[in-house]
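To convert, note that position 21 of the sequence shown is 1033 in the working numbering; the numbers rise steadily by one, no gaps.
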Amino acid sequence: MRVYELARILGVDSKDLIAELKRIRVTVKSASASIEDKHVRKVMERLEKRKVEETARKQKEEIERAAREKEEAERKKREEEERKRREEEQRKKREEEERKRREEEERKRREEEELRRREEEQRKRREEEERKRREEEQRKLQPAPTIAPPEVEKAKPLRRPKKREKEEKLLEITELPKIEVMRLEEPRRLYEERARRRAKERKREGKEKPREGEVEPEAARGVAVVEARKRERRVRPSFLVPPAAKREAPLPTPTPVKPVERRVVQVRGEMTVGHFAEKIGIPAGDVISKLLSLGEPRT
């Protein structure tokens, strides 16, 4: 069997196989050299033994490596647990110190409050004793009170019931009537209305002179005239209503009308609504509204 064939069967390199043959004192020059069957068996036994040893060694190394990893993991776990335990102890210690500090502060606060309460009670007690002492001194200095004789009520004179009723009636308050003051504008309006109504009647009847009891045309200008009765009476000056002064409003100044400029827009072919609105200088929405009012829906 040639060397390269045996190397292929054993799954090793030809150089390694040649080196192994040299160890068993078999000299070969190249991989194409032939070897005897006894040498083949001997080499196969050695390689098989070496393979088993290598496998055992690898397994041992794997076991040792796994053991080391496990031990390392356990060590890290113990260290982590120890660290957490120390942190928990420190936290509990800080909490205990904080609790003791708060208890001490609360105790001091209660003691201070108790001390202030006692001082306040003592102060009030001293003030009460001082007040009682002063009252006692004032009571000793005051003279003995004299007892006045009881007053005798005088007998009230009897009155007749009728006289009492008359006095009660005299005490009643009579409500005075209210006097309303007429404004000047109201009579003026009434006189003007009456003058207009009678002027219409005279015009309808075709009479030039007014009849007895009618109001003259001066009443329309705001002058009060008393109607003629059986005898003439003079009108008091206090009842004369002066005519209201007319204020003429100034005429507005005429404003010159600016002539409307006519613009010409040339449209050649089709044109969009937006382009047309841009040319005439108004918003496109106004153009669309105008087209809708003309019955031409466009967008």
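Yeah, the Cβ is synthetic: ideal placement off N, Cα and C, and Gly gets one too. None of the values given here were measured: they were computed from a predicted structure.
Just confirm the distance between the C-beta atoms of residue 1036 and residue 1054, as a whole number of angstroms; I'd bet it's less than 8 Å. 6 Å
Excluding the 5 residues preceding and the 5 following residue 1286 in the sequence, name in chain order all residues of the same chain whose CB lies nearer than 6 Å to its CB. 1296
For residue 1019, count neighbouring Cβ atoms within 10 angstroms of its own Cβ and tell me buried if that reaches 16, exposed if not. Residue 1019 should be labelled buried.
Could you tell me the boundaries of the alpha helix (DSSP H) in which residue 1056 lies? 1049-1153
In terms of DSSP beta bridges, what is residue 1014 paired with? 1046
Given residue 1043 as reference, the closest of 1034, 1030, 1049 and 1094 once Cα atoms are compared: 1030
In three-state terms, what does DSSP make of residue 1303? helix
Compare the C-beta of residue 1105 against all C-beta atoms of chain D and say whether one is closer than 9 Å. Among the chains of the structure shown, chain D does not appear; only one protein chain is present.
Would you grab the beta carbon distance between residue 1045 and residue 1015 for me? Rounded to a whole angstrom, and I think it's under 8 Å. That pair is a contact at about 6 Å.
How should residue 1078 be labelled, buried or exposed, when 16 other C-beta atoms within 10 angstroms of its C-beta is the threshold for buried? By the neighbour-count rule (16 or more Cβ atoms within 10 Å), residue 1078 is not buried but exposed.
Using 10 angstroms around the beta-carbon of residue 1033, count the other beta-carbons present and answer buried if the total reaches 16, otherwise exposed. buried
With 16 other Cβ atoms within 10 Å as the buried cut-off, status of residue 1292: exposed
For residue 1311 and residue 1300, which I take to be in contact (beta-carbon distance under 8 Å), what is that distance rounded to the nearest angstrom? 7 Å
Roughly how many angstroms lie between the CA atoms of residue 1298 and residue 1280, to the nearest whole one? 22 Å
Determine the burial state of residue 1207: buried for a count of at least 16 other Cβ atoms within 10 Å of its Cβ, exposed for fewer. buried
Taking the straight line between their C-alpha atoms, what separation do you get for residue 1117 and residue 1097? 30 Å
Cα-Cα separation between residue 1135 and residue 1150, rounded to whole angstroms: 22 Å
Whole-angstrom distance between residue 1282 and residue 1302, CA atom to CA atom: 18 Å
I need the boundaries of the alpha helix (DSSP H) containing residue 1028, first residue and last residue. 1026-1035
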